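Encoded as structure tokens, the structure appears first; notes follow it.
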Amino acid sequence: GAVHMADVRNLLPKEEISKMTADLQQCDTQIGQCNSNGPGKPPISAFCKRAVDTCDRATLLPLVDKGISHYDVRVPSGQEKTKYVLKSRPVDKFLNDQKVQSQSTLILVCYFVGL
Numbered sequence: 004g005a006v007h008m009a010d011v012r013n014l015l016p017k018e019e020i021s022k023m024t025a026d027l028q029q030c031d032t033q034i035g036q037c038n039s040n041g042p043g044k045p046p047i048s049a050f051c052k053r054a055v056d057t058c059d060r061a062t063l064l065p066l067v068d069k070g071i072s073h074y075d076v077r078v079p080s081g082q083e084k085t086k087y088v089l090k091s092r093p094v095d096k097f098l099n100d101q102k103v104q105s106q107s108t109l110i111l112v113c114y115f116v117g118l
């Protein structure tokens, strides 16, 4: 995913892509530890948390450190600014917006849970 796209689009130096690829090996190992109880059994949460941290460090942080959104690597080169633009505004203005108020309560509940 992100490592391949970053490589193909030359978003990061080759040395950094190589490090990301190597770090993915550790990520894969830790995912295996997370699921080491076996199929159908609960994962081991401490191992899973460590795997998430390792995988994020391997794939996302190098991009974020360079100011590249991990979402941007999934769109064609040159179109990054047209996709996944987050427009934030104060919650009170959002909730007082007539369009928002006319939408279902479920959507608002999901919005609050996401906060």
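Position one of the sequence shown corresponds to residue 4 (my numbering), numbered consecutively onward. Glycine residues also receive a C-beta, built at the ideal position from the N, C-alpha and C atoms. Please read these numbers as outputs of a predicted model, since none were measured by experiment.
Asked, Found
"When DSSP labels each residue in this structure, what does Ser-72 get in the three-state scheme?", "coil"
"Buried or exposed, going by whether 16 or more other CB atoms sit within 10 Å of the CB of Pro-65?", "buried"
"Would you kindly report the start and end of the unbroken alpha helix (DSSP H) that includes Lys-22?", "17-37"
"Mind reading off the beta-carbon distance from Thr-62 to Gln-33? Whole number of angstroms is fine, and I expect it under 8 Å.", "Thr-62 to Gln-33, Cβ: 13 Å. No contact."
"Please classify Pro-65: does DSSP put it in a helix, a strand, or coil?", "helix"
"CA-CA distance, Asp-95 and Glu-19?", "42 Å"
"Spatial neighbours of Cys-51 within its chain, please: CB distance less than 6 Å, with the 5 preceding and 5 following residues excluded, ordered by chain position.", "Cys-37"
"Tell me whether Arg-53 sits in a helix, a strand or coil according to DSSP, three-state version.", "helix"
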